[in-house]
Amino acid sequence: MDSTEESSPKSELSNTIMDMDLHNTFAELMFHLLPSPYESQEINHLTLAYFVISSLDILNSLNRVEKDAIVDWVLSFQLHPGTKTDPNNGQFYGFHGSRTSQFPPDDNGVLLHNHSYLASTYCALAILKIVGYDLSNVDSELMLASMRNLQQPDGSFMAIHIGGETDLRFVYCAAAICFMLDNWSGMDKEKAKDYILNCQSYDGGFGLVPGAESHGGATYCAIASLRLMGFIEDNLLSSCASSLIDVPLLLDWIVQGMDGGFQGRTNKTTDTCYAFWLGAVLKILGADDFVDIKALRRFLLTCQYKYGGFSKFPGEFPDLYHSYYGFAAFSLLKESGLKSLCSELGITETAAKGL
Amino acid sequence: MASGSSEVEEEEQERVMLRDRPEWADVTPVPQDDGPCPVVPINYTEEFAEVMDYFRAVYLADERSPRALSLTAEAIHFNAGNYTVWHFRRLLLELLKVDLHEELEFIERIAAKNSKNYQIWHHRRRVAEKLGPDARNAELQFTKKVLSVDAKHYHAWSHRQWALQALGGWEDELDYCSELLEQDIFNNSAWNQRYFVITRSPFVGGLKAMRESEVLYTIKAIEAYPENESSWKYLRGLYKGETTSWVNDPQVSSICLKILSSKSNYLFALSTLLDLICHGYQPNQDFRDAIEALKIPDLDSQDLDIASMICSILEKIDPIRVNYWIWRKSRLPHVAQ
């Protein structure tokens, strides 16, 4: 631990630099073994892996891990139809999120217990892109065709065919999946767009479902989806006129939520992750200039943990989710040493471009 | 039929491993197949691994029994997000004809420790759907309980909105919002719920019909706490789709003037006035006088028009948003591009 950290009594809470070495160590440790408490999120194992692997990529440390092993592992989560499969069974043939949702076929070769998950499919494809895997090698035809089974009449998406909540998160996953596979046969874009627009609240932000309170994460899902689907042009700010969404009202809502960090909702406390969710929206809209960089950096650094990673609020223990979004937020702030981010895909630009 | 409650309590006292329980002696647990080169492995505890091994066994065997139901409760305890387990639990609830009111109680117990978990709330919804209109009071009570601990709980509000739409109970909702706002006028979730009620309740006449009374309510709230962003946003929201009405309603411009004249907490009054001007409002001399009376130091006196003056003031008094206010100034209709 270098001496500058010991000199200030509050050094563990408010640093002045983003400590790359510590964060690299943190991410690598997580890569090699996720501590026991993470077993309570085991169902989202692939999502946890996405946080770790994308962190390493942002930190420019992907060379520390074996990409081939990652590819094999991720591909092993793909749900392939059994020997006797009815293509119109309503099932979604994507990726599982974890081993606990993956079961061997029964004696007749039927995979009746397996249900793949939309969010895990997004994470799987994102990880594959991050490690440079050519997605045209992924068996995507059935995946996309069956993904339509998850879209609801109102345009929203369910995450799993046996039934689950429907909200903007899964619209985003669907859009990102189609975008990464460069194939929009997996969803009805117009219907999805209609659902998104129905989620814009009276104050300009977006709620997770129509009628819900404006929320930073939901707003990211809305804007990133519209962008991926091609409904938002480059640099919307210069025209500030979208026929679809009330841009000035949205901008005002986001900007009013800046309080050092970003608030996720009006009159709530700032939280590390919204620096990504809302910072990314501003970037997509061409408005990242509105961010008070110094104030945001200062806030994020108060959430930096002395042994690496970021916490939700200052003075708390770090977790993988807030660490990942902390790194992502610093990338948006163009912190030196970090790779730049493709805001709407949630992976680095090099990963997005397939370089 | 026990819905697993006794198993959960046992858990909390001193958990006996499944392999040591005689009632499970006939089951061979199915270990997890992590594949040849697991990546980002999780350091599973013995208890977690064992529960999932037994769950795999009963799930693969499709065992539909009370003990399987209890096992799902244990598995949920370890990972409340496991939708496969929840799905199997729902199948068992149906087949074993479990009293769904008991299941609601079970969910309430689990939610106490895991209230921010999507699967729990989804499960609650599925059970309530099965119970139909009978579940109405239970759902409104349950969400009220959760909101009494955390009045901004996003899942609880989401579930409450669903319950109102699916099961009814709108009649008292606006009063409930008022109650919450009396406790905390800054509670944006409660303001949002007000909007939800006035736009969707079959018992009120819709936004237009409710506008007058809601404007009065909101103006009172603004007068009490002009620094409350929620109330200003709600006021504007009351005119959604009818910006001209918002611009022309004298109550709106009056409240801006009133707050400005008070010289205290006038930031939103200024930004609202700016928005009004951008949508065609033409402020009279009273506004100009009120702004000048603020005596903002170092103000560029060359800004003759009121909108530019407001932007300049906001740049100074709201520095965290300085770039935004500079941009707003550049977008003012009269400013040469």
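Protein sequence lines, in the order shown, are assigned to chains A and B. Going by this note's numbering, the first sequence wraps up at 369, each residue one higher than the last. Going by this note's numbering, the second sequence wraps up at 372, each residue one higher than the last. Beta carbons are placed, not taken as given, at the ideal position from N, Cα and C, and that holds for glycine.
ask   = From what residue to what residue does the alpha helix (DSSP H) around B/Pro-101 run?
value = Where B/Pro-101 is concerned, the enclosing alpha helix (DSSP H) stretches over 101–113.
message = Considering only the alpha carbon of each residue, which of B/Asp-68, B/Ala-259, B/Arg-246 lies closest to B/Arg-18?
response = Residue 18 of chain B is absent from the structure shown; chain B starts at 36 and stops at 372.
ask   = Are the CB atoms of B/Pro-261 and B/Phe-303 nearer to each other than 8 Å?
value = For the pair B/Pro-261 and B/Phe-303, the CB atoms are nearer than the 8 Å cut-off.
request  = Could you please give me the residues that DSSP links to A/Leu-355 through a beta bridge?
outcome  = Looking at the DSSP assignment, A/Leu-355 forms a beta bridge with A/Thr-362.
message = Only counting the same chain, and skipping five residues up and downstream in sequence, which positions put a Cβ closer than 6 Å to that of B/Trp-226?
response = Same-chain partners within the cutoff: Ser-265, Tyr-269.
ask   = Any contact of the segment 122–141 of chain B with the segment 95–103 of chain B, i.e. 3+ C-beta pairs under 8 Å?
value = The segment 122–141 of chain B vs the segment 95–103 of chain B: in contact.
request  = Evaluate contact between the segment 282–291 of chain A and the segment 336–352 of chain A, counting only Cβ atoms and requiring at least three cross-stretch pairs below 8 Å.
outcome  = Three or more pairs of CB atoms, one per stretch, sit closer than 8 Å, so the segment 282–291 of chain A contacts the segment 336–352 of chain A.
task = Leaving aside the five residues before and after B/Thr-194 along the sequence, list all residues of the same chain whose C-beta is less than 6 Å from its C-beta, in chain order.
result = According to the sequence as given, residue 194 of chain B is His; it is not Thr. The answer, listed in chain order, is Trp-156, Thr-178.
query = My guess is that A/Phe-373 and A/Gly-351 are in contact by the Cβ rule of under 8 Å, so how many angstroms apart are they, rounded?
reply = Residue 373 of chain A is absent from the structure shown; chain A starts at 15 and stops at 369.
request  = Tell me whether A/Phe-117 is buried or exposed, calling it buried when 16 or more other Cβ atoms sit within 10 Å of its Cβ.
outcome  = Counting other Cβ atoms within 10 Å of its Cβ, A/Phe-117 reaches 16 or more and is therefore classed as buried.
inquiry  = Just verifying my parser: in three-state terms, what is the DSSP assignment at A/Leu-258?
reply    = Reduced to three states, the DSSP call for A/Leu-258 is coil.
ask   = Taking the runs of the alpha helix (DSSP H) that are 4 residues or longer, which of them lie wholly in the segment 157–201 of chain A?
value = The qualifying runs are 182–195.
For A/Phe-65, the first and last residue of its enclosing alpha helix (DSSP H) = Looking at the DSSP string, the run of the alpha helix (DSSP H) that includes A/Phe-65 is 59–72.
message = Taking 7 Å as the cut-off, is the C-beta of A/Glu-42 nearer than that to any heavy atom in the ligand MG?
response = As presented, the structure is devoid of all ligands, the ligand MG included, so that no description of it is given.
message = Just verifying my parser: in three-state terms, what is the DSSP assignment at B/Thr-278?
response = In the structure shown, B/Thr-278 falls within a helical segment according to DSSP collapsed to helix, strand and coil.
key: Contact list for the segment 170–184 of chain B against chain A, Cβ threshold 9 Å   = Those would be none; no residue qualifies.
query = When the Cα atoms are used, what is the spatial distance from A/Arg-311 to A/Thr-135?
reply = About 33 Å.
ask   = What are the boundary residues of the alpha helix (DSSP H) that A/Ile-141 is part of?
value = Start and end: 132–144.
task = Decide if B/Cys-72 is buried, meaning its Cβ has at least 16 other Cβ atoms within 10 Å, or exposed.
result = So B/Cys-72 counts as exposed.
N- and C-terminal bounds of the alpha helix (DSSP H) containing A/Thr-284 = No alpha helix (DSSP H) holds A/Thr-284; DSSP gives it neither H nor E.
At least 3 beta-carbon pairs within less than 8 Å: the segment 221–239 of chain A vs the segment 219–236 of chain B = Yes, they touch.
inquiry  = Could you compute how far the alpha carbon of A/Pro-119 sits from the alpha carbon of B/Arg-161?
reply    = So the two alpha carbons sit approximately 28 Å from each other.
inquiry  = So A/Ile-141 and A/Tyr-64 are supposed to be a Cβ contact under 8 Å. How far apart are they, rounded?
reply    = Right, the Cβ-Cβ distance comes to about 5 Å (below 8 Å), so this counts as a contact.
ask   = Any C-beta of chain B sitting closer than 8 Å to the C-beta of A/Gln-92?
value = Not a single C-beta of chain B is nearer than 8 Å to the C-beta of A/Gln-92.
task = Answer with yes or no whether the minimum CB distance from A/His-336 to chain B is below 8 Å.
result = Answer no: the Cβ-Cβ gap between A/His-336 and chain B never drops below 8 Å.
query = Looking at the unbroken alpha helix (DSSP H) that takes in A/Gly-230, where does it start and where does it end?
reply = Run containing A/Gly-230: 230–242, per the alpha helix (DSSP H) assignment.
ask   = Is DSSP giving B/Gln-286 helix, strand or coil here?
value = The answer is helix: DSSP assigns B/Gln-286 an H, G or I state.
Spatial distance of B/Leu-367 from A/Ser-68 (CA atoms) = Computed Cα separation, rounded: 42 Å.
task = With 7 Å as the C-beta to C-beta threshold (strictly closer), list the residues of the segment 137–163 of chain B near chain A in chain order.
result = Residues Tyr-153, His-157.
request  = Would you kindly check if the distance between the Cβ of A/Phe-331 and the Cβ of A/Ser-337 is under 8 Å?
outcome  = For the pair A/Ser-337 and A/Phe-331, the CB atoms are not nearer than the 8 Å cut-off.
request  = Identify whether A/Leu-27 lies in helix, strand or coil by the three-state DSSP scheme.
outcome  = Residue placement at A/Leu-27 cannot be trusted, given a pLDDT of 45 that sits under 50; the coordinates are not used to answer.
query = Can you tell which of B/Asp-310, B/Lys-255, B/Ser-296 has its C-alpha closest to the C-alpha of B/Thr-278?
reply = Cα-wise, what sits closest to B/Thr-278 is B/Asp-310.
task = For A/Leu-355, count neighbouring C-beta atoms within 10 Å of its own C-beta (all shown protein chains included) and say buried if the count is 16 or more, exposed if not.
result = Taking every protein chain shown into account, the CB of A/Leu-355 has 16 or more other CB atoms within 10 angstroms, so this residue is buried.
inquiry  = At a CB distance below 7 Å, what residues from the segment 62–87 of chain A approach chain B? Give them in sequence order.
reply    = Under the 7 Å Cβ criterion, the segment 62–87 of chain A contributes Leu-62, Ala-63, Val-66, Ala-83, Ile-84, Asp-86, Trp-87.
query = Which residue from A/Ser-75, A/Ser-239, A/Leu-36, A/Gln-277 puts its Cα closest to that of A/Arg-183?
reply = Comparing Cα-Cα distances from A/Arg-183 to each of A/Ser-75, A/Ser-239, A/Leu-36, A/Gln-277, the minimum goes to A/Ser-239.
task = Measure the C-alpha to C-alpha separation of B/Val-120 and B/Ile-145 and round it to an integer number of angstroms.
result = Their Cα atoms are separated by approximately 14 Å.
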